[in-house]
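Encoded as structure tokens, the structure appears first; notes follow it.
Number of protein chains: 2
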Amino acid sequence: MRMLITGGAGCIGSELAEALIQQGHEVLVYDNLSSGSVAHLDALIGMENFKFVEADLLDVGTLQSHLQGVEFVWHLAANPDIKFKPGEATDKDLQQNTVATYNVLECMRRNGVTALAFASTSAVYGIPKQLPISEDHPCRPISLYGASKLACEGLISAFQNLFDWRCFIFRFANIVGSKMRKRGGTVITDFVGKLQTNPERLEILGNGNQAKSYLLCRECIDAMLFAVTKSSERLAIYNIGCHDSLSVERISEIVEQTMGLHHVRHEYTGTEGGWPGDVPRFILAPEKLNRLGWRALHNSEQAVVEAVRFVVQRQSVSCKQ
Amino acid sequence: MRMLITGGAGCIGSELAEALIQQGHEVLVYDNLSSGSVAHLDALIGMENFKFVEADLLDVGTLQSHLQGVEFVWHLAANPDIKFKPGEATDKDLQQNTVATYNVLECMRRNGVTALAFASTSAVYGIPKQLPISEDHPCRPISLYGASKLACEGLISAFQNLFDWRCFIFRFANIVGSKMRKRGGTVITDFVGKLQTNPERLEILGNGNQAKSYLLCRECIDAMLFAVTKSSERLAIYNIGCHDSLSVERISEIVEQTMGLHHVRHEYTGTEGGWPGDVPRFILAPEKLNRLGWRALHNSEQAVVEAVRFVVQRQSVSCKQ
Numbered sequence: 023m024r025m026l027i028t029g030g031a032g033c034i035g036s037e038l039a040e041a042l043i044q045q046g047h048e049v050l051v052y053d054n055l056s057s058g059s060v061a062h063l064d065a066l067i068g069m070e071n072f073k074f075v076e077a078d079l080l081d082v083g084t085l086q087s088h089l090q091g092v093e094f095v096w097h098l099a100a101n102p103d104i105k106f107k108p109g110e111a112t113d114k115d116l117q118q119n120t121v122a123t124y125n126v127l128e129c130m131r132r133n134g135v136t137a138l139a140f141a142s143t144s145a146v147y148g149i150p151k152q153l154p155i156s157e158d159h160p161c162r163p164i165s166l167y168g169a170s171k172l173a174c175e176g177l178i179s180a181f182q183n184l185f186d187w188r189c190f191i192f193r194f195a196n197i198v199g200s201k202m203r204k205r206g207g208t209v210i211t212d213f214v215g216k217l218q219t220n221p222e223r224l225e226i227l228g229n230g231n232q233a234k235s236y237l238l239c240r241e242c243i244d245a246m247l248f249a250v251t252k253s254s255e256r257l258a259i260y261n262i263g264c265h266d267s268l269s270v271e272r273i274s275e276i277v278e279q280t281m282g283l284h285h286v287r288h289e290y291t292g293t294e295g296g297w298p299g300d301v302p303r304f305i306l307a308p309e310k311l312n313r314l315g316w317r318a319l320h321n322s323e324q325a326v327v328e329a330v331r332f333v334v335q336r337q338s339v340s341c342k343q
Numbered sequence: 023m024r025m026l027i028t029g030g031a032g033c034i035g036s037e038l039a040e041a042l043i044q045q046g047h048e049v050l051v052y053d054n055l056s057s058g059s060v061a062h063l064d065a066l067i068g069m070e071n072f073k074f075v076e077a078d079l080l081d082v083g084t085l086q087s088h089l090q091g092v093e094f095v096w097h098l099a100a101n102p103d104i105k106f107k108p109g110e111a112t113d114k115d116l117q118q119n120t121v122a123t124y125n126v127l128e129c130m131r132r133n134g135v136t137a138l139a140f141a142s143t144s145a146v147y148g149i150p151k152q153l154p155i156s157e158d159h160p161c162r163p164i165s166l167y168g169a170s171k172l173a174c175e176g177l178i179s180a181f182q183n184l185f186d187w188r189c190f191i192f193r194f195a196n197i198v199g200s201k202m203r204k205r206g207g208t209v210i211t212d213f214v215g216k217l218q219t220n221p222e223r224l225e226i227l228g229n230g231n232q233a234k235s236y237l238l239c240r241e242c243i244d245a246m247l248f249a250v251t252k253s254s255e256r257l258a259i260y261n262i263g264c265h266d267s268l269s270v271e272r273i274s275e276i277v278e279q280t281m282g283l284h285h286v287r288h289e290y291t292g293t294e295g296g297w298p299g300d301v302p303r304f305i306l307a308p309e310k311l312n313r314l315g316w317r318a319l320h321n322s323e324q325a326v327v328e329a330v331r332f333v334v335q336r337q338s339v340s341c342k343q
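Listed in order, the protein sequences are those of chains A and B. If you're matching positions, the first sequence starts at 23 in my numbering and goes up one per residue. If you're matching positions, the second sequence starts at 23 in my numbering and goes up one per residue.
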């Protein structure tokens, strides 16, 4: 199939591109390089079935022309930084996520493209009423990022119904892996960076009791490819994660151990969440995907241990919160 | 309090304005008159505590200046037509509902306004998994209108959390009442209009088995005012409706009876929903609002009978789907 990946130069997108090329698909990566990197695509550039376009999703004309003949869209592009900092514009996520997604959907419609997979997030749920969080849990996002992703989901749900498309919405846990991303960095890059600067003291955002689900990037891609092949729903919504969570405190221990540091003094900013809009504790229920036949091979701790090793050894880091 | 009502020249907004003035509040109606009418405000214009501004929510400068000193915003403005017609722009709801709502929230933030009530809709739920639909039911909108309202809810949820506001989200059943609105007309105005043209034949959109919850406009306003006074939640989400539904077939009988017509030939377009994006059957569970202490006095049939009487007698009609 001829496939287009938005955000295909990112951590997840570039590994997905490799997997799809290996499966024999023709892949077009569409990325504005605002957080992705051409270096992620080194293994693919020059291959016959691969093409890279540097362009923005807000540039509708370019987007529309590149959707001609496409059969399946993987829409992964987004402003990846979930943190809202006072003083920043409040419409960053509205523009780069919601409006950009509308553009993708509308350009698909104009080109007769009828199949889409979308990278959503655990952040659509907000503060969970109960753990673990199933796909039917109410969505009350507490961040502008989560709100924009929920808006995208609603648009996809409407387009799917109105034009009889086939759509997949994947709500990701925290995805960690081998590729670098400084912008919107994860807790792992935050800790490694701080300890490289000062190995005696570590500032921890929040009270350290935050605990979230982590999944390796290659497992995330495996899960998506599995769901797209096996699910028969016309609008398929899946949590993608493992069955447990890992505390920020424990992550700091793993980082220090991997870096060979002892007696690091911890200082806490003290709030329940790490930043405004942070959901302090969540576990995504993976049962729906488990029932379909896919299960994560690594739990949160194993995923983080592997990701930390990458970061520390190669100083090249992890992906998407 | 000093209150601003967006969409305050509409059916619901104008009755709300009257109620708030009666309670002693200072009311500013902000409306672009795209579907509202100044005539709805006849009883208020000239009053000391009342002011009307004809302006658009996409005009951020005007909006921002009118939010100075406001203490509470009732955000009711929206593109009221849930129907998407092939050939129409697909971003009408995105612009007029989602982006407009973002503008309201951002201008509130800049002016230090921290309290909001928002008119949402049963359409956020999509096709219900079970009836009646509680507030925790998953939201999978099947219309662009529903998607845009869900996006607004997400934005409100995020702003509420980030800036510690107090927000109310009211998910309306089909609201019917005494005031006219041709654009995005309800099934009642549709039937009355068609039968005035040809009293022997009635085209019914769908198969006639669609069945929805109806509520009188004055009861809707009563419910909102009650919830705003009594609820202590910082983000309060309430269905506003009665406990039952009424079929389109039965509405056609009520209209014909009220108009004194007999032996009208019914013709059906035949689809399950009346139009693309129509949710054929829903009942909003009103239990959360009931527990707070408010209960509708009219069921769906009583509400429709009263609204039909208005439409037929005065040729002035009902409100919001």
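For glycine and all other residues, C-beta sits at the position ideal for the given N, C-alpha and C. Since this is a predicted model, take the numbers as computed values, not measurements.
What residues of chain B sit near Asn183 of chain A, judged by a beta carbon separation below 9 Å?
-> Proximity of chain B to Asn183 of chain A at the Cβ level (cut-off 9 Å) is accounted for by Gly148, Ile149, Arg162, Pro163, Ile164, Ser165, Pro298, Gly299, in chain order.
CB of Ala249 of chain B within 7 Å of CB of Leu166 of chain A, strictly | Going by C-beta atoms, Ala249 of chain B is not nearer than 7 Å to Leu166 of chain A.
Using the C-alpha atoms, what's the distance from Lys234 of chain A back to Glu323 of chain A?
-> For the pair Glu323 of chain A and Lys234 of chain A, the Cα-to-Cα distance works out to about 10 Å.
Helix, strand or coil for Arg256 of chain A per DSSP?
-> In this structure, Arg256 of chain A counts as coil in the three-state DSSP scheme.
Top-ranked residue by Cα proximity to Ala99 of chain A, from A:Cys189, A:Tyr260, A:Ala31 = It is A:Ala31.
Decide if Ile67 of chain B is buried, meaning its Cβ has at least 16 other Cβ atoms within 10 Å, or exposed.
-> It is exposed - the Cβ of Ile67 of chain B has fewer than 16 other Cβ atoms within 10 Å.
Leaving out five residues on either side along the sequence, give the residues of the same chain with a beta carbon under 8 Å from the beta carbon of Val121 of chain A.
-> Excluding sequence neighbours, Val121 of chain A sits near Leu80.
Starting from Tyr52 of chain B, trace the beta strand (DSSP E) both ways and give me its first and last residue.
-> For Tyr52 of chain B, the enclosing beta strand (DSSP E) stretches over residues 48 to 53.
Using a cut-off of 9 Å between C-beta atoms, extract the partners of Ser267 of chain B located in chain A.
-> In chain order: nothing, as chain A lies at least about 21 Å away.
In whole angstroms, what is the alpha-carbon distance linking Val286 of chain B and Ser267 of chain B?
-> For Val286 of chain B and Ser267 of chain B, the gap between their C-alpha atoms comes out near 24 Å.
Distance between Phe194 of chain A and Phe190 of chain B (C-alpha atoms, nearest Å) = The C-alpha of Phe194 of chain A is placed about 29 Å away from the C-alpha of Phe190 of chain B.
How is Tyr147 of chain A classed by DSSP in three states: helix, strand or coil?
-> Of the three classes helix, strand and coil, the one that applies to Tyr147 of chain A here is coil, per DSSP.
Neighbouring residues, chain B, relative to Ser179 of chain A (Cβ below 9 Å) | Correct list: Gly148, Cys161, Arg162, Pro163, Ile164, Gly168, Ala169, Leu172.
Shortest alpha-carbon distance to Tyr52 of chain B belongs to which of B:Met25, B:Ile43, B:Gly46?
-> Per the C-alpha coordinates, the member of B:Met25, B:Ile43, B:Gly46 positioned closest to Tyr52 of chain B is B:Met25.
Along chain A, which residues have their Cβ under 9 Å away from the Cβ of Asp158 of chain B?
-> The answer, in chain order, is Lys151, Asp158, His159, Pro160.
Put His62 of chain B into one of helix, strand or coil per three-state DSSP.
-> His62 of chain B sits in a helix when the DSSP states are folded into three classes.
Looking at the structure shown, is Ser269 of chain B part of a helix, part of a strand, or coil, going by DSSP?
-> In the structure shown, Ser269 of chain B sits in a strand (DSSP, three-state: E or B).
Under 7 Å between C-beta atoms, does Gly263 of chain B make it to chain A?
-> Output row for Gly263 of chain B: interface = no.
Excluding sequence positions up to five away, which residues of its chain have a Cβ less than 7 Å from the Cβ of Arg205 of chain B?
-> Per-residue confidence for Arg205 of chain B stands at a pLDDT of 48, beneath the threshold of 50, marking its modelled position as unreliable; the derived number appears in the next sentence. Cβ-Cβ distances below 7 Å link Arg205 of chain B to Ser57, Pro102, Asp103 in the same chain, with the five nearest sequence neighbours on each side left out; the list follows chain order.
What's the C-alpha gap between Cys242 of chain B and Gly199 of chain B?
-> Rounded to the nearest angstrom, the two C-alpha atoms are 10 Å apart.
Pro302 of chain A versus A:Lys310, A:Gln232, A:Ser253, residue with shortest Cα-Cα distance | Selection A:Lys310, A:Gln232, A:Ser253 evaluated against Pro302 of chain A yields A:Gln232 as nearest (Cα-Cα).
Name the chain A residues whose beta carbon is nearer than 7 Å to that of Phe106 of chain B?
-> Contact of Phe106 of chain B with chain A by beta-carbon distance below 7 Å involves Leu184.
Determine whether the Cβ of Gly292 of chain A lies closer than 7 Å to any Cβ atom of chain B.
-> No, its Cβ sits nowhere closer than 7 Å to a Cβ of chain B.
Can you tell me whether Gly282 of chain B is buried or exposed, with buried defined as 16 or more other CB within 10 angstroms of its CB?
-> Exposed, by the Cβ-count rule.
Start and end of the beta strand (DSSP E) containing Arg132 of chain A?
-> Unbroken run through Arg132 of chain A is the alpha helix (DSSP H), 122 to 133; no beta strand (DSSP E).
What number of angstroms, rounded off, separates the C-alpha of Gly148 of chain B from the C-alpha of Glu48 of chain B?
-> Taking the straight line from one Cα to the other gives about 37 Å.
Could you name the residues of chain B that Leu257 of chain A contacts, counting a contact when the two beta carbons are closer than 8 Å?
-> The contacting residues are Arg162.
Min CB distance Gly176 of chain B to chain A below 7 Å = Yes, its Cβ sits closer than 7 Å to a Cβ of chain A.
With C-beta atoms as the reference, is His88 of chain B less than 7 Å away from Val126 of chain B?
-> For His88 of chain B and Val126 of chain B, no; Cβs fall outside 7 Å.
Could you pull the start and end residues of the alpha helix (DSSP H) that Val214 of chain A belongs to?
-> 209 to 219 is the span of the alpha helix (DSSP H), which, as asked, contains Val214 of chain A.
Do the stretch 305 to 313 of chain A and the stretch 258 to 266 of chain A meet, that is, are 3 or more Cβ pairs less than 8 Å apart?
-> These segments touch.
With a cut-off of 7 Å, does the C-beta of Leu116 of chain B fall near any C-beta of chain A?
-> Yes, Leu116 of chain B lies at the interface with chain A (some Cβ there is under 7 Å from its Cβ).
Opening and closing residue of the beta strand (DSSP E) in which Thr28 of chain A lies = Taken as a continuous stretch (DSSP letters only), the beta strand (DSSP E) holding Thr28 of chain A covers 24 to 28.
C-alpha gap between Cys341 of chain A and Phe185 of chain A, whole angstroms | Caution is warranted here: a pLDDT of 43 is assigned to Cys341 of chain A, below 50, making its placement in the model unreliable, and the coordinate value is therefore given only provisionally. Taking the straight line from one Cα to the other gives about 33 Å.
Sequence-distant residues of the same chain with beta carbon closer than 7 Å to Ser170 of chain B, five excluded per side = Closer than 7 Å at the Cβ level, and outside the excluded window around Ser170 of chain B, lie Asp115, Leu116, Asn119, Thr120.
CB Phe106 of chain B to CB Ala137 of chain B, shorter than 7 Å?
-> No, the pair does not count as a contact, with Cβ atoms beyond the cut-off.
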